[in-house]
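See below for the structure under consideration.
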Amino acid sequence: MTASLRGTRIVVSAGPTYEDIDPVRFIGNRSSGRMGFAIAAAAAQRGAQVVLVAGPVHLDTPAGVTRIDVRSAAQMQAAVLAALPADVYIGAAAVADFAPAQAAPRKLKKSGDGDGLVLELVRTPDILASVARHAPRPRLVVGFAAETHDVAHYARDKLARKQLDLVAANLVGVAGSGFESESNALTVYGAQFERALGPAPKTQLAGELLDLVAARLPRTQRDDVRVDGTLPVRTPPDRAP
Ligand code: C5P
2 MTASLRGTRI VVSAGPTYED IDPVRFIGNR SSGRMGFAIA AAAAQRGAQV
52 VLVAGPVHLD TPAGVTRIDV RSAAQMQAAV LAALPADVYI GAAAVADFAP
102 AQAAPRKLKK SGDGDGLVLE LVRTPDILAS VARHAPRPRL VVGFAAETHD
152 VAHYARDKLA RKQLDLVAAN LVGVAGSGFE SESNALTVYG AQFERALGPA
202 PKTQLAGELL DLVAARLPRT QRDDVRVDGT LPVRTPPDRA P
């Protein structure tokens with residue numbers, strides 16, 4: 002049975018952010034946005050009211066999803082916070098960690114004398130941590146962790162440091178997984194919880210991740226109804242998957 006998310010409001014962030022250097026150049030990354038869009042699509046299919054805050058990506062808006070397009074980390078943070086309150090926030094965006102201190106108003110020119118260029122970079126706001134500290138706080142705050150090594154260590158550190166409920170971690174740089182791939186393999190960490198998902202298409206992983214989310218929402222916030230209209234047997238929360 003697919004867990005229903007009817008009656009819940011879910012905010013998802015997806016894709017990269019672009020931090021402008023000047024009117025023609027930016028700092029960005031290779032995130033395709035596919036994982037976050039798949040989560041938004043699956044959540045809407047399960048009846049959730051979904052707001053998808055998307056960085057610059059080439060993807061169609063999933064059916065039934067309200068999409069807000071942004072470019073920079075600062076814009077993404079403003080859009081995400083404006084979309085609260087929500088029951089669930091899923092930060093699947095690959096937010097740039099640094100942005101130029103100031104975007105140059107005009108195109109930077111080569112000096113011609115062979116000199117390099119020094120850019121002053123500043124930290125971008127940590128959107129996930131700001132949502133986890135926001136009042137009212139979403140009942141569930143879920144982050145992603147893309148790591149090249151020591152995945153469990155960094156994921157558990159993120160869980161504690163950013164005060165998250167779940168972290169979905171994946172190993173980047175592995176064939177058939179990660180940023181630009183259609184499929185992925187995730188390990189989901191929570192307090193005293195660990196579950197390996199996939200390798201599987203991102204659309205399937207999105208559904209499996211939402212099952213873990215739904216199992217952590219109070220029963221009153223969602224209503225599972227079988228296709229025949231009958232109510233399913235409830236699993237006590239301490240036996241949630
Ligand atoms: O610490 P790290 O950047 O690896 O954490 C990744 C997680 O944090 C992702 O869920 C990402 O969306 C979120 N994040 C954020 N704001 C940032 C950096 C990362 O929300 N500035």
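Counting the sequence shown from 1 gives a position; my numbering is that position plus 1.
The beta-carbon is built from N, C-alpha and C at its ideal position, and this holds for glycine as well.
field: Cβ-based burial, Glu20 [other Cβ within 10 Å; buried from 16]
entry: Within the sequence shown, the letter at position 19 stands for residue 20. That one is buried.
- prompt: With distances taken between CB atoms, is the gap from Asn185 to Ala95 smaller than 8 angstroms?
  reply: Indexing the sequence shown from 1 puts residue 185 at position 184. Indexing the sequence shown from 1 puts residue 95 at position 94. Taking the C-beta atoms as reference points, Ala95 is found no nearer than 8 angstroms to Asn185.
query: Short check: CB of Arg72 to CB of Thr18, under 8 angstroms?
result: For this step, residue 72 is matched to residue 71 along the sequence shown. For this step, residue 18 is matched to residue 17 along the sequence shown. Yes, the Cβ-Cβ distance between Arg72 and Thr18 is below 8 angstroms.
- prompt: Start and end of the beta strand (DSSP E) containing Val168?
  reply: Counting from one through the sequence shown, the residue named residue 168 turns up at place 167. Element bounds for Val168: 167-172.
message: Distance check for Pro137 and Asn171, CA to CA, integer angstroms please.
response: Looking up residue 171 in the sequence shown gives position 170. Looking up residue 137 in the sequence shown gives position 136. Computed Cα separation, rounded: 29 angstroms.
field: Simplified DSSP assignment, three categories, for Thr254
entry: With the chain covering 2 to 242 only, the question about residue 254 has no answer from this structure.
task: Report yes if the C-beta distance between Leu1 and Leu218 is below 8 angstroms; otherwise report no.
output: The question about residue 1 has no answer, for the chain in this structure spans 2 to 242.
query: Does DSSP put Thr125 in a helix, a strand or coil?
result: Translated into positions along the sequence shown, residue 125 becomes position 124. In this structure, Thr125 counts as coil in the three-state DSSP scheme.
- request: Excluding the 5 residues preceding and the 5 following Ala156 in the sequence, name in chain order all residues of the same chain whose CB lies nearer than 6 angstroms to its CB.
  value: For this step, residue 156 is matched to residue 155 along the sequence shown. Hits under 6 angstroms: Ala146, Val168, Ala170, Tyr190.
With 16 other Cβ atoms within 10 Å as the buried cut-off, status of Asp88: By 1-based counting over the sequence shown, the position of residue 88 is 87. Looking at its Cβ environment, which holds 16 or more other Cβ atoms inside 10 Å, Asp88 is buried.
task: Using 7 angstroms as the cut-off, classify the Cβ of Leu206 as near or not near the heavy atoms of the ligand PLP, replying yes or no.
output: Absence of the ligand PLP is noted for the structure shown, with the ligand C5P being the only ligands found.
message: On the DSSP bridge list, what partners appear for Glu148?
response: The sequence position of residue 148 within the sequence shown is 147, counting from 1. Paired residues: Leu172.
- prompt: Going by the C-beta, is Thr1 closer than 7 angstroms to any heavy atom of the ligand C5P?
  reply: Here the chain covers residues 2 to 242 and nothing more, so residue 1 does not appear.
query: Is any heavy atom of the ligand C5P found at a distance shorter than 7 angstroms from the C-beta of Ala156?
result: By one-based count along the sequence shown, residue 156 stands at place 155. No, Cβ of Ala156 sits at least 7 angstroms from all heavy atoms of the ligand C5P.
Extent of the continuous alpha helix (DSSP H) run through Ile22: As a working note, residue 22 is residue 21 in the sequence shown. That residue, Ile22, is in no alpha helix (DSSP H); it is neither H nor E in DSSP.
- prompt: By how many angstroms is the C-alpha of Gly65 removed from the C-alpha of Ser14?
  reply: As a working note, residue 14 is residue 13 in the sequence shown. As a working note, residue 65 is residue 64 in the sequence shown. Roughly 16 angstroms between the two C-alpha positions.
message: Quick test of your reading: Pro200 and Glu183, contact by CB under 8 angstroms. State the CB separation rounded to the nearest angstrom.
response: As a working note, residue 200 is residue 199 in the sequence shown. As a working note, residue 183 is residue 182 in the sequence shown. The C-beta distance from Pro200 to Glu183 rounds to 11 angstroms, too long to meet the 8 angstroms contact threshold.
- prompt: So Ala104 packs on Leu122, CB below 8 angstroms; how close in whole Å?
  reply: Here residue 104 refers to the residue found at position 103 when the sequence shown is read from its first residue. Here residue 122 refers to the residue found at position 121 when the sequence shown is read from its first residue. In fact, because the Cβ distance is near 12 angstroms, the residues do not count as touching under 8 angstroms.
- request: Indicate the three-state DSSP secondary structure (helix, strand or coil) for Thr204 in the structure shown.
  value: Against the sequence shown, residue 204 aligns to sequence position 203. DSSP, reduced to helix, strand and coil, places Thr204 within a helical segment of the structure shown.
message: Let me check one thing: in DSSP terms, what residues is Ala100 bridge-paired to?
response: Translated into positions along the sequence shown, residue 100 becomes position 99. In DSSP, Ala100 forms a bridge with Val123.
query: For Thr67, which residues does DSSP report across the bridge?
result: Taking the first residue of the sequence shown as position 1, residue 67 is located at position 66. Residue pairing of Thr67 in beta bridges, as defined by DSSP: Val52.
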